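Trainee:
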Amino acid sequence: MHHLESPPLLPSSHNQFHFQNSSVLLSFLQAMVVVANPVDQISLVRSPKPGAYFSGFPVINLGEPGSAAAIVKACQEFGFFKVINHGIPTDLMANLEKEAVKYFSLPQVEKERSGPPNPFGYGNKRIGPNGDVGWVEYLLFAITSKPVSYTSLAFLREPSSSSFRSALNEYISAVRNLASELLELMAEGLKIEPRNAFSKLVMDEKSDEIFRLNHYPPCPLLQGLSCSLTGFGEHTDPQVISVLRSNDTQGLQIALRDGSWVSVPSDQESFFINVGDSLQVMTNGRFKSVKHRVLANRLKSRVSMIYFGGVPQTETIAPLAQLMGEGEQSLYREFTWEEYKKAAYKSRLADNRLGQFEK
Ligand SMILES: C=C1C[C@]23C[C@@]1(O)CC[C@H]2[C@@]12CC[C@H](O)[C@@](C)(C(=O)O1)[C@H]2[C@@H]3C(=O)O
Ligand SMILES: O=C(O)CCC(=O)C(=O)O
Ligand SMILES: [Fe+2]
Numbered sequence: 446m447h448h449l450e451s452p453p454l455l456p457s458s459h460n461q462f463h464f465q466n467s468s469v470l471l472s473f474l475q476a477m478v479v480v481a482n483p484v485d486q487i488s489l490v491r492s493p494k495p496g497a498y499f500s501g502f503p504v505i506n507l508g509e510p511g512s513a514a515a516i517v518k519a520c521q522e523f524g525f526f527k528v529i530n531h532g533i534p535t536d537l538m539a540n541l542e543k544e545a546v547k548y549f550s551l552p553q554v555e556k557e558r559s560g561p562p563n564p565f566g567y568g569n570k571r572i573g574p575n576g577d578v579g580w581v582e583y584l585l586f587a588i589t590s591k592p593v594s595y596t597s598l599a600f601l602r603e604p605s606s607s608s609f610r611s612a613l614n615e616y617i618s619a620v621r622n623l624a625s626e627l628l629e630l631m632a633e634g635l636k637i638e639p640r641n642a643f644s645k646l647v648m649d650e651k652s653d654e655i656f657r658l659n660h661y662p663p664c665p666l667l668q669g670l671s672c673s674l675t676g677f678g679e680h681t682d683p684q685v686i687s688v689l690r691s692n693d694t695q696g697l698q699i700a701l702r703d704g705s706w707v708s709v710p711s712d713q714e715s716f717f718i719n720v721g722d723s724l725q726v727m728t729n730g731r732f733k734s735v736k737h738r739v740l741a742n743r744l745k746s747r748v749s750m751i752y753f754g755g756v757p758q759t760e761t762i763a764p765l766a767q768l769m770g771e772g773e774q775s776l777y778r779e780f781t782w783e784e785y786k787k788a789a790y791k792s793r794l795a796d797n798r799l800g801q802f803e804k
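Laid out in structure tokens, this is it:
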């Protein structure tokens, strides 16, 4: 397997990431509170100690037998795992990363042509419609038909986007298949028949799949301080499954069951899988949707790409009957994905979105 090249740092002149008053910023940083930016309030959190990475999370080797049981254990304990030996060529990841870096290096006005996100499009610092902010710019779009098309974002249909489009097509087809394989292994590990009980909902013609490219510019102002700027605030993903890949810049953290935050070492050749809220419900709470966040790096750009696999809008999200023990009751009232999404878009990032659906 050849090694991927690190992307160049994006030229900072192309990014509108600057604080308007850096002396105000620094005094607030030292007080470990919140960045006093007239427009945005990006939270600061204590930086992980250098080299303090959590090594206890599960690594699933798809090339080895026994991965179904290991995946189930990972989803129960962490709602999160790393996948190696997945068979997806590193070229697919590198090509898309190259296209993403090219896009995020465009002049700001060019990027803004695809924004603001509504909910799809180019976004800068503002995440979602309810006041959440982070040290991030992104491109968010719906995958609207199979194999892959992007009617939700006009610029991707322009002739000049053809290399971007083909990198996206190849990458998304591959990670969609990976998501399907993982969902089948989950069913196998849980001893659910048929094997495609979960995967068929996400792989349906009408499934609600979205894709996100995130760019976290470096934040050198924080050099020497013991806190980090929040790139993407804590949240759980509302969908069934999220398949994340990033370049070799650290930043992702997950919350353990005791509420503590641990840093995940980056690995640009592997995928990181999040259990989403919908899968927590479909397993009646056996699997946990993982709380996670991203901290911006002081020196390096982080570029991540995330496939979110959801079910069709009209599909009911409920525990699978095959899984329920005798007399076992659903922990949740019945709802459709459409209802859940509506509620999610009324919530803030850190809200416990499933709370209002618990019985
Ligand atoms: C604050 C928000 C952003 C978000 C929609 C929401 O109102 C709450 C859920 C957020 C989230 C988290 C996971 C994904 O990145 C995302 C695309 C999703 O489906 O739910 C985002 C939403 C977003 O950025 O629009
Ligand atoms: O960019 C990342 O590494 C994770 C971002 C994330 O959690 C999200 O977009 O939902
Ligand atoms: Fe997420």
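Note that our numbering has the sequence shown beginning at 446, numbered continuously upward.
Where a beta carbon is used, it is the ideal one built from N, C-alpha and C, also for glycine.
Note that the structure is a prediction, hence the values are computed from the model and not measured.
Candidates 700, 613, 651, 537: which alpha carbon is nearest residue 680's?
Mentor: Closest option to residue 680, Cα to Cα, is 700.
Trainee: Using the C-alpha atoms, what's the distance from residue 550 back to residue 459?
Mentor: Since pLDDT at residue 459 reaches only 38, below the 50 mark, its modelled position is unreliable, and the value read off the structure follows with that caveat. Between residue 459 and residue 550, the C-alpha separation is close to 6 Å.
Trainee: Tell me which residues pass a beta-carbon proximity test against ligand 2: closer than 6 Å to any heavy atom, given in chain order.
Mentor: Result: 657, 659, 677, 682, 689, 691, 697, 737, 739, 749, 751.
Trainee: According to DSSP, what are the bridge partners of residue 610?
Mentor: None, per the DSSP bridge assignment.
Trainee: Suppose you measure from the CA of residue 677 to the CA of residue 749; what does that come to, to the nearest Å?
Mentor: Those two C-alpha atoms are separated by around 11 Å.
Trainee: Under 7 Å Cβ to Cβ from residue 642, same chain only, skipping five residues before and after it: list those, please.
Mentor: Cβ within range, chain order: 632, 765, 767.
Trainee: Taking the alpha-carbon positions, what's the residue 558 to residue 501 distance?
Mentor: Cα to Cα, the separation comes out at about 43 Å.
Trainee: Could you name the residues of the same chain whose beta carbon sits closer than 6 Å to that of residue 792, not counting the 5 residues immediately before and after it, in chain order?
Mentor: Answer for residue 792: 798, listed in chain order.
Trainee: So, for residue 597: in the same chain, excluding its five sequence neighbours on each side, which residues have a beta-carbon less than 7 Å away from its beta-carbon?
Mentor: Excluding positions up to five away in sequence, the list reads 565, 586, 587, 589.
Trainee: Taking only three categories from DSSP, how would you classify residue 476?
Mentor: Because the pLDDT of residue 476 is 38, which lies under 50, any placement of that residue in the model is unreliable, and the number read from its coordinates should be weighed accordingly. Of the three classes helix, strand and coil, the one that applies to residue 476 here is coil, per DSSP.
Trainee: Leaving aside the five residues before and after residue 615 along the sequence, list all residues of the same chain whose C-beta is less than 6 Å from its C-beta, in chain order.
Mentor: Cβ neighbours of residue 615 beyond the five flanking positions: 537.
Trainee: What does residue 590 pair with, by DSSP beta-bridge criteria?
Mentor: Bridge partners of residue 590: 594.
Trainee: Under 6 Å Cβ to Cβ from residue 744, same chain only, skipping five residues before and after it: list those, please.
Mentor: Excluding sequence neighbours, residue 744 sits near 663.
Trainee: Between residue 722 and ligand 1, is there a pair consisting of the residue's CB and a ligand heavy atom that are separated by less than 7 Å?
Mentor: No.
Trainee: Beta carbon of residue 790: closer than 7 Å to some heavy atom of ligand 1?
Mentor: Flag set: Cβ of residue 790 near ligand 1.
Trainee: Is DSSP giving residue 653 helix, strand or coil here?
Mentor: In the structure shown, residue 653 sits in a strand (DSSP, three-state: E or B).
Trainee: What's the C-alpha gap between residue 741 and residue 654?
Mentor: Spanning the two alpha carbons is a distance of roughly 26 Å.
Trainee: According to DSSP, is residue 505 helix, strand or coil?
Mentor: Three-state result, residue 505: strand.
Trainee: Are the segment 616–632 and the segment 526–535 in contact at 8 Å, needing three or more beta carbon pairs?
Mentor: With a cut-off of 8 Å, the segment 526–535 and the segment 616–632 count as touching, because enough Cβ pairs lie within range.
Trainee: Per DSSP, which residues does residue 520 bridge with? Please list them.
Mentor: Note: residue 520 sits in no beta bridge, so no partner.
Trainee: Helix, strand or coil for residue 583, going by three-state DSSP, please let me know.
Mentor: Strand.
Trainee: Starting from residue 675 and walking both ways along the beta strand (DSSP E), at which residues does that stretch end?
Mentor: Residue 675 -> beta strand (DSSP E) spans 672–680.
Trainee: Tell me whether residue 531, by its Cβ, gets closer than 7 Å to a heavy atom of ligand 1.
Mentor: No, ligand 1 has no heavy atom inside 7 Å of this Cβ.
Trainee: Using three-state DSSP, classify residue 634 as helix, strand or coil.
Mentor: Reduced to three states, the DSSP call for residue 634 is helix.
Trainee: Per DSSP, what are the beta-bridge partners of residue 700 in this structure?
Mentor: According to DSSP, which records beta bridges pairwise, residue 700 is partnered with 706.
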